[in-house]
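To convert a position in the first sequence, counted from 1, into this note's numbering, add 29.
Yeah, the Cβ is synthetic: ideal placement off N, Cα and C, and Gly gets one too.
Step one of this worksheet: look at the structure below.
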Amino acid sequence: MPELPEVEVVRRGLAAWVAGRQVMDVDVHDARSLRRHEPSPGSDPGNPADAPTQPDPTPFARGEDFRARLRGRTLQEPQRRGKYLWLPLDSADSALLIHLGMSGQVLVEDRAAAAEKHLKISLDLSARPGAPEQLRFVDQRIFGGMQVTRLIAADHASGAVPAPVAHIAADPFETAADPSADERLFRALRRRRSGLKRALLDQSLISGIGNIYADEALWRAGLHFARRTETVTRDETSRLLTAARAVMSAALEAGGTSFDSLYVNVNGASGYFSRSLQAYGQAGGECSRCAVDGRSAGVIQRAKFMGRSSYWCPVCQPRPRNGRW
DNA sequence: TCTAGAACCTGTGTGC
DNA sequence: TGCACACAGGTTCTAG
């Protein structure tokens, strides 16, 4: 499942293979992967001047507009915020925005390579010696997608960001060198009235964290997923941020987490971090930290939370009583 | 205004 | 063997 480390692996692949190349042609095989693409003249839903030319464009019109706005453009150095990835276009005011959703893949392949079963969009790129000619977007569950969108100034960014990304908060890597980041997150959590994991998954609060790394960061920090945000301390917030950075750095080094063929890098290779997971997917297994500490080892539990699975150790991540400790 | 849950989507695994 | 159902989860929308 692509979260921040997996998206960063893809971004690095695109930087190596795609940046600086011109889009010669575009094939939209399934316009459902363009459902967030708004036809010209703009894609900023908050700007009346950028209202779509049609209130509900047909899939065909969406695909034609997407194609027209990419053909002949040169793709610039790929950028990332949280789980969003974009390639600025040489027009300087717009970008090709990509979200992988749950099962999206961005592949760089030869044009002659057989089409993947769930191939949604393909871009023919200008020739470069030794480099494949095609950029492909493959998506089994169609939660991800591509769109061409305007770049706008963002107050927390060093440069412009696509309009749909403007509400996304900085990710744990972006704030690693910012000494005030822990305090900002602490105050934001205290203002909330929800469970800690729900807050971690809110991309407008902190970005890049999904279900897997939320469980891993909470395990490392020794905090229960249902802990109320209004009760967390500064120390616990710092522990959580440090844990999130550590687990995602380790995942990045391992090439990301691949449980099946749903996540691969641009060359089609899987990551290996699934072997290092301590909580997520480990239900029934002994907690490695409890065993090392010499305490009676807890057994990793699984519970439904927010319509998805959460994993935790009942010994070192005790469940809060009545929402508090 | 904020929180929580539903909907979107399809391949895989399980039970009958 | 074939069918029905549950499950996986990131984002957006809607109801309360």
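- For arginine 157, same chain residues with a beta-carbon under 7 Å away, outside a window of 5 residues either side, are Arg50 in chain order.
- In the structure shown, methionine 277 falls within a helical segment according to DSSP collapsed to helix, strand and coil.
- If you check the CB distance, valine 39 and asparagine 296 do not come in under 8 Å.
- Pairing leucine 252 with threonine 258, the inter-Cα distance amounts to about 11 Å.
- Here the alpha carbon of arginine 100 sits roughly 5 Å from the alpha carbon of valine 52.
- For the pair of segments examined, the stretch 271 to 286 was found to touch the stretch 300 to 313: the number of CB pairs separated by less than 8 Å reaches three.
- With a threshold of 16 other beta carbon atoms within 10 Å, methionine 335 falls short and is exposed.
- According to DSSP, residue pairing for tryptophan 341 in a beta bridge involves Gln330.
- Look at proline 34 here: in three-state DSSP terms it is helix.
- Between the stretch 220 to 228 and the stretch 169 to 182 there are fewer than three inter-stretch CB-CB distances shorter than 8 Å, so the stretches are not counted as touching.
- Contact check between the stretch 231 to 246 and the stretch 265 to 280: three or more CB pairs, one atom from each, fall below 8 Å, which counts as touching.
- One alpha carbon belongs to serine 287, the other to serine 305, and they sit about 11 Å apart.
- The C-beta distance from serine 236 to aspartate 200 rounds to 5 Å, short enough to meet the 8 Å contact threshold.
- Buried is the label assigned to histidine 128, since at least 16 other Cβ atoms lie within 10 Å of its Cβ.
- Membership of alanine 182 in the beta strand (DSSP E) is indicated by the continuous run 174 to 182.
- In this structure arginine 165 is not in contact with leucine 154, their Cβ atoms being roughly 11 Å apart against a cut-off of 8 Å.
- As for any beta strand (DSSP E) of minimum length 3 sitting wholly inside the stretch 47 to 132, the runs are 52 to 57, 108 to 110, 113 to 117, 123 to 128, ordered along the chain.
- Nearest to alanine 143 by C-alpha distance, out of Gly130, Ala124, Gln163, Leu126, is Gln163.
- DSSP places alanine 228 inside the alpha helix (DSSP H), whose first and last residues are 225 to 229.
- In the structure shown, arginine 165 falls within a strand segment according to DSSP collapsed to helix, strand and coil.
- In its chain, beyond the 5 residues on either side, Leu247, Trp248, Gly251, Leu252, His253 have a beta carbon closer than 7 Å to the beta carbon of glutamine 346.
- DSSP places leucine 252 outside both helix and strand once states are collapsed to three, so it counts as coil.
- Close CB contacts of glutamine 169 within its chain, under the 7 Å cut and outside five residues either way in sequence, are with Ser132, His147, Leu291 (chain order).
- A contact between stretches requires three or more CB pairs, one per stretch, nearer than 8 Å, and the stretch 103 to 112 meets this requirement with the stretch 194 to 208.
- Judged by DSSP in its simplified three-state form, arginine 170 adopts coil rather than helix or strand.
- Remark: C-beta atoms of aspartate 122 and arginine 102 do not approach each other more closely than 8 Å.
- Counted as a single uninterrupted DSSP element, the alpha helix (DSSP H) harbouring leucine 214 occupies residues 210 to 220.
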